[in-house]
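Peer 1:
There are 2 protein chains.
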Amino acid sequence: MQALHALPDPEALAESISHQDRSAVAKALNLLDDKRPEARQRAARLLAALPKQRLYRSGHLIGLTGPPGAGKSSLTAALVRVWRKRGLTVGILAVDPSSPISGGALLGDRLRMLSGSSDASVFIRSLACRGEFGGLSAEVWPMSLVMLAAFDMVLVETVGVGQKEIDVSKLTDTTCFVAQPASGDSVQFLKAGIMEVPHVLVVNKSDVGNAARKTLSELRASLQPPSHTEGWQVPALTASATVGTGIEALADSIEAHRTWLVEKGLLAPGRRRFQAEWIIKRLAEEFGRFGIETLGGRSTLLSSLVEAQRPPFEQYDALRHRLLARWHDD
Amino acid sequence: MQALHALPDPEALAESISHQDRSAVAKALNLLDDKRPEARQRAARLLAALPKQRLYRSGHLIGLTGPPGAGKSSLTAALVRVWRKRGLTVGILAVDPSSPISGGALLGDRLRMLSGSSDASVFIRSLACRGEFGGLSAEVWPMSLVMLAAFDMVLVETVGVGQKEIDVSKLTDTTCFVAQPASGDSVQFLKAGIMEVPHVLVVNKSDVGNAARKTLSELRASLQPPSHTEGWQVPALTASATVGTGIEALADSIEAHRTWLVEKGLLAPGRRRFQAEWIIKRLAEEFGRFGIETLGGRSTLLSSLVEAQRPPFEQYDALRHRLLARWHDD
């Protein structure tokens, strides 16, 4: 626990973040994680001071999900190498409790191995150490904004299916689902409509036998008829993070989805909507359905939040105060 | 929508239910599903009128979960046949949106095929037709109580992993997870601690090749070290619903878990706790964390609800009114 006087100056911090100062990013994430009222106020100021252009129009926010054991951390390391070769800076937010990334050292080691130990353009933050998923989702959106202000590619790694608190597909521009060969359950979840259809599907470990190809065709079949994504054709690929095959194609597919979003004019509105959804989710956790109804109901609230285009904590705090004002102290 | 004057008399309904009158059970479930204030009041009276002995000490409440495609509905039909042979009455609550049971006719057909079409001792109710999971979980507990008042075995079928709104393991005496052969994802979810450890594990489709046996040993390995269940050793079995092998053993394992619960004195306290958790969950959905804190916080609330031993809607409504009383009309 840092002393209050040690809390950083939010406006100076925002300035440093937009110059990709890694230690500023680290301090900002700590600040967002600090629950004390003074820290909360500074966090609100920090988010308000970040350049809006970068938060809502630049960069690429990518969700990488998939069951534990699918090789998400190796795939992340391989993607990072491709992105670095393409001159892009990378920030990683790991919220998968089963992940070796969240576990700590392992991905760091892999990245050092793959991309050179002194690479200051890859930033990793793990959110899993707090265990039992609790409270994680509350931080993912503001942390993503801080990362977007500093880096070109921001990757959020989660388990996806089965992880209750984080629905990353509602918080990222492009969601990529990593399946493992013979992942019958994922196929079934997709088929039954229980799992959100991702924007990019990749079966990892294509170097091991023929299972990957078989799983790929099952996954492809489960995507018929094409999903809700307004005309985006979900690519289904194979890759091997270990051998290094298919990674360039995966990076291309992820980029193609961003290009498509921009062409359709969906990138900025999407992020505004994620933010609005995040605010409503936080308010619902704190004040329930009754609170949301009191504020005019979900859909009214959603459109007014999207339209207002104000920093997230500012919107959240204003609504929170409106609710608290209507509560008797007794 | 039925007219108000057509709403059933709750006390008479409770009486008929405890005599296993199927049409009374059906009417009661409709009543629980009716959101009008008058219906809500009658539903509360109905639950208060059901014999407590049957709700909290008799019968067996079983959760059957597993990914879509694992063959839960065939396995249910096979289990029903075994239970009927053993002279037990059966009620089924299907809340799995992907299930052919929830879909309607299919399980009915299977059951007719397996256990004789005029079997009045098997009752099936599907909750999935309302789509998108919304609002389902709110009804599962009171509906389970109605079923317990009428039948010996009450089986709740859900998808489990990946289904956000229903955590059936928090609402049933015995949870049974049905895996399919080569269900690598389920193994990984168990291993990573993302999936709740069930009380009974069964790999279905053991008639198809050797995959079931391989999956079984993977699942067994993922259960090491033994789970939290206070000394209960989780049995891991194979079965084939199609061929009919392993079903008796599965029924035995499910029964053994109930016997164990009774011996440890856990059955009645468990159900009291499910009820308390259900009430807290409903209140949290409606009034958020703030509402729960206002009522004294989760753990205080939990112990006072368990101790009070009052009918569920009575407890819920009392707490709800306490919260509403503190809200300004503005």
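For the protein sequence lines, the chains are A and B, in the order given. So the number in this note's numbering is just where the residue sits in the first sequence, counting from 1, plus 87. So the number in this note's numbering is just where the residue sits in the second sequence, counting from 1, plus 87. Think of the CB as a built atom: it goes at the ideal place given N, C-alpha and C, for glycine as much as any other residue.
In chain order, what residues of the region 351 to 382 of chain A put their CB closer than 7 Å to some CB of chain B?
Peer 2: Correct list: A371, E372, E373, F374, G375, R376, F377 and G378.
Peer 1: Please state if the CB of A328/B and the CB of A135/B are separated by a distance shorter than 7 Å.
Peer 2: As a position in the second sequence, residue 135/B is number 48, starting the count at 1. As a position in the second sequence, residue 328/B is number 241, starting the count at 1. Not a contact, by the Cβ cut-off of 7 Å.
Peer 1: Can you list the residues of chain A that Q275/B reaches, using a CB-CB cut of under 7 Å?
Peer 2: Residue mapping note: residue 275/B aligns to position 188 of the second sequence, counting from 1. Here the neighbours are P154, P155 and G156.
Peer 1: Return the Cβ separation of V177/A and S145/A in integer angstroms, given the expectation that the two are a contact with Cβ distance under 8 Å.
Peer 2: Against the first sequence, residue 177/A aligns to sequence position 90. Against the first sequence, residue 145/A aligns to sequence position 58. That belief does not hold up - the Cβ atoms of V177/A and S145/A are roughly 14 Å apart, past 8 Å.
Peer 1: State the DSSP-derived secondary structure class of H286/A, mapped to helix, strand or coil.
Peer 2: Reading the first sequence from its first residue, position 199 is the one you call residue 286/A. In this structure, H286/A counts as coil in the three-state DSSP scheme.
Peer 1: Quick one, are the C-beta atoms of S279/B and P155/A less than 7 Å apart?
Peer 2: Indexing the second sequence from 1 puts residue 279/B at position 192. Indexing the first sequence from 1 puts residue 155/A at position 68. A quick correction: the sequence has Ala, not Ser, at residue 279/B. Against a cut-off of 7 Å, the Cβ pair of P155/A and A279/B comes out as a contact.
Peer 1: Short of 7 Å in beta carbon distance, which residues of its chain neighbour A225/A, apart from the five on each side in sequence? Order them along the chain.
Peer 2: As a first step, residue 225/A must be located in the first sequence, where it is residue number 138. The answer, listed in chain order, is R369.
Peer 1: Enumerate, from N- to C-terminal direction, the unbroken beta strand (DSSP E) stretches of 3 or more residues contained entirely within the region 300 to 332 of chain B.
Peer 2: If we require 3 residues or more, the beta strand (DSSP E) runs fully inside the region 300 to 332 of chain B come out as 323 to 325.
Peer 1: Quick one: using the 10 Å Cβ neighbour count with 16 as the cut-off for buried, is G318/A buried or exposed?
Peer 2: One-based indexing of the first sequence puts residue 318/A at position 231. Exposed, since its Cβ has fewer than 16 Cβ neighbours within 10 Å.
Peer 1: Would you call the CB atoms of A298/B and P268/B closer than 7 Å?
Peer 2: On the second sequence, residue 298/B is found 211 positions in, with the first residue counted as 1. On the second sequence, residue 268/B is found 181 positions in, with the first residue counted as 1. Yes, these two residues count as a Cβ contact at 7 Å.
Peer 1: Let me know the secondary structure DSSP gives G113/B once reduced to three states.
Peer 2: Against the second sequence, residue 113/B aligns to sequence position 26. At residue 113/B the sequence reads Ala, which differs from the Gly that was named. Reduced to three states, the DSSP call for A113/B is helix.
Peer 1: I need the straight-line Cα distance from T261/B to L162/B, nearest angstrom please.
Peer 2: As a first step, residue 261/B must be located in the second sequence, where it is residue number 174. As a first step, residue 162/B must be located in the second sequence, where it is residue number 75. Their backbone Cα atoms lie some 16 Å apart in a straight line.
Peer 1: Tell me the residue span of the alpha helix (DSSP H) that contains F264/A.
Peer 2: Numbered from 1 along the first sequence, position 177 holds the residue referred to as residue 264/A. No alpha helix (DSSP H) contains F264/A, which is instead part of the beta strand (DSSP E) from T261 to A266.
Peer 1: Would G271/B pass as an interface residue toward chain A - the criterion being a Cβ-Cβ separation below 7 Å?
Peer 2: Mapped onto the second sequence, residue 271/B falls at position 184. Yes, its Cβ sits closer than 7 Å to a Cβ of chain A.
Peer 1: Would you be able to state if there are at least three C-beta pairs under 8 Å between the region 365 to 381 of chain B and the region 371 to 378 of chain A?
Peer 2: Judged by Cβ distances under 8 Å, the region 371 to 378 of chain A makes contact with the region 365 to 381 of chain B, as three or more pairs qualify.
Peer 1: Is it the case that the CB of L370/A approaches a heavy atom of the ligand PLP more closely than 6 Å?
Peer 2: Here there are no bound small molecules, and the ligand PLP is not part of this structure.
Peer 1: Can you tell me where the beta strand (DSSP E) holding G150/B begins and where it ends?
Peer 2: Against the second sequence, residue 150/B aligns to sequence position 63. Start and end: H147 to T152.
Peer 1: Starting from R358/A, trace the beta strand (DSSP E) in both directions and tell me its first and last residue.
Peer 2: If you number the first sequence from 1, residue 358/A lands on position 271. Premise fails: R358/A lies in the alpha helix (DSSP H), L354 to T381, not in any beta strand (DSSP E).
Peer 1: Does R397/B pass the burial test, meaning 16 or more other C-beta atoms within 10 Å, or should it be called exposed?
Peer 2: Residue mapping note: residue 397/B aligns to position 310 of the second sequence, counting from 1. Counting Cβ neighbours within 10 Å, R397/B comes out exposed, since fewer than 16 surround it.
Peer 1: Rounded to the nearest angstrom, what separates L235/A and V330/A at their Cα positions?
Peer 2: Position 148 of the first sequence, counted from the first residue, corresponds to residue 235/A. Position 243 of the first sequence, counted from the first residue, corresponds to residue 330/A. Cα to Cα, the separation comes out at about 30 Å.
Peer 1: Does the count of Cβ pairs from the region 384 to 401 of chain B and the region 228 to 245 of chain B closer than 8 Å reach three?
Peer 2: Yes, they touch.
Peer 1: Can you tell which of R168/B, Q275/B and L148/B has the C-alpha that lies nearest to the C-alpha of F238/B?
Peer 2: Taking the first residue of the second sequence as position 1, residue 238/B is located at position 151. Of the candidates R168/B, Q275/B and L148/B, the one whose C-alpha sits nearest the C-alpha of F238/B is L148/B.
Peer 1: Answer with yes or no whether the minimum CB distance from Q267/A to chain B is below 7 Å.
Peer 2: As a first step, residue 267/A is located in the first sequence; it is residue number 180 there, counting from the start. Judged by the 7 Å Cβ criterion, Q267/A is in contact with chain B.
Peer 1: Looking at the unbroken beta strand (DSSP E) that takes in L242/B, where does it start and where does it end?
Peer 2: Here residue 242/B refers to the residue found at position 155 of the second sequence. Looking at the DSSP string, the run of the beta strand (DSSP E) that includes L242/B is M240 to E244.
Peer 1: Exposed or buried, which one is H286/A when buried takes at least 16 other CB atoms within 10 Å?
Peer 2: Here residue 286/A refers to the residue found at position 199 when the first sequence is read from its first residue. It counts as buried.
Peer 1: Could you give the DSSP three-state label for L162/A: helix, strand or coil?
Peer 2: The residue you call residue 162/A lines up with position 75 of the first sequence. Here L162/A sits in helix by DSSP.
Peer 1: Please decide whether A135/B counts as near chain A, where near means a Cβ-Cβ distance under 7 Å.
Peer 2: On the second sequence, residue 135/B is found 48 positions in, with the first residue counted as 1. Cβ-Cβ to chain A under 7 Å: no for A135/B.
Peer 1: Spatial neighbours of I211/A within its chain, please: CB distance less than 6 Å, with the 5 preceding and 5 following residues excluded, ordered by chain position.
Peer 2: Translated into positions along the first sequence, residue 211/A becomes position 124. Excluding residues within five positions, the ones whose Cβ falls inside 6 Å are I179.
Peer 1: Using Cβ-Cβ distances below 8 Å, what residues of the region 113 to 131 of chain A are close to chain B?
Peer 2: From the region 113 to 131 of chain A, no residue has a Cβ closer than 8 Å to chain B.
Peer 1: In this structure, what does DSSP give as the bridge partners for L180/B?
Peer 2: By one-based count along the second sequence, residue 180/B stands at place 93. L180/B pairs with R212/B and V243/B.
Peer 1: Using a Cβ cut-off of 7 Å, pull out every chain A residue sitting near A323/B, in sequence order please.
Peer 2: Within the second sequence, the letter at position 236 stands for residue 323/B. Result: empty, since nearest Cβ-Cβ is about 17 Å, beyond 7 Å.
Peer 1: Could you spell out the range, first to last residue, of the alpha helix (DSSP H) harbouring R127/B?
Peer 2: Here the question's residue 127/B lines up with position 40 in the second sequence. From DSSP, the alpha helix (DSSP H) with R127/B extends over P124 to A136.
Peer 1: Quick check: is the beta carbon of A405/B nearer than 7 Å to any beta carbon in chain D?
Peer 2: Among the protein chains of the structure shown, namely A and B, there is no chain D.
Peer 1: Determine, using beta carbons only, whether A279/A comes closer than 7 Å to chain B.
Peer 2: As a first step, residue 279/A is located in the first sequence; it is residue number 192 there, counting from the start. Closer than 7 Å: yes.
Peer 1: Excluding the 5 residues flanking G357/B on each side, which residues of the same chain have their C-beta closer than 8 Å to its C-beta?
Peer 2: Here residue 357/B refers to the residue found at position 270 of the second sequence. Cβ neighbours of G357/B beyond the five flanking positions: D260 and L348.
Peer 1: Tell me the rounded alpha-carbon separation between I366/B and E244/A.
Peer 2: Position 279 of the second sequence, counting from 1, holds the residue named residue 366/B. Position 157 of the first sequence, counting from 1, holds the residue named residue 244/A. Rounded to whole angstroms, I366/B to E244/A spans 34 Å at the Cα level.
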